[in-house]
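Student: There's a structure below that I have some questions on.
Residue numbers (full-length UniProt numbering): 1 to 136.
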């Protein structure tokens, strides 16, 4: 896969995210995708990723802005940096109580691609920053 094709894949993935098109996101993933949840454990497979999306939809409403995507020449590795504009809708286990608080949070992802699909997503954001914003 070329650099341009990987960038196009990730543009489609993030456009689906912003549209709330979970199936569109899943279509960009390999069946055995590895998802490294920020400050969490690795979960594997599209079914687990779909569960994660359902959880996120229940607890958060988010839109990504200022998305910058980078990829190596071979298109096998990529990174994305963006700003998350969100609302905390329902209390997530182990986190502060939700009451619709809004937040703006820089975040990023490290991504592996093979066969035209995302095979690994490693997410990063500063949880302490997010917590400070929602506790206020």
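Even glycine gets a Cβ: it sits at the ideal position worked out from N, Cα and C.
Because the structure is a prediction, the values reported are computed rather than measured.
1) Mind checking whether residue 35 and residue 121 have CB atoms under 8 Å apart?
2) Just curious, the alpha helix (DSSP H) that residue 24 is in, first and last residue?
3) Go through its chain and collect everything with a Cβ distance to residue 86's Cβ below 6 Å, but skip five positions before and after it.
4) In chain order, which beta strand (DSSP E) runs of at least 3 residues are fully inside the UniProt domain "SnoaL-like" (11-120)?
5) If contacts are defined as beta-carbon pairs under 8 Å, then residue 67 and residue 82 qualify, I think. What distance do you get, rounded to the angstrom?
6) Excluding five sequence neighbours on each side, which residues of the same chain lie with their C-beta closer than 6 Å to the C-beta of residue 92?
7) Can you say whether residue 19 is buried or exposed, counting buried as having 16 or more other CB atoms within 10 angstroms of its CB?
8) Relative to the C-alpha of residue 133, which candidate in 124, 24, 118 and 98 has its C-alpha closest?
Tutor: Working from what's here:
1) yes
2) 22-27
3) 60, 62 and 103
4) 29-36, 42-44, 60-71, 77-88 and 102-114
5) 4 Å
6) 59, listed in sequence order.
7) exposed
8) 98
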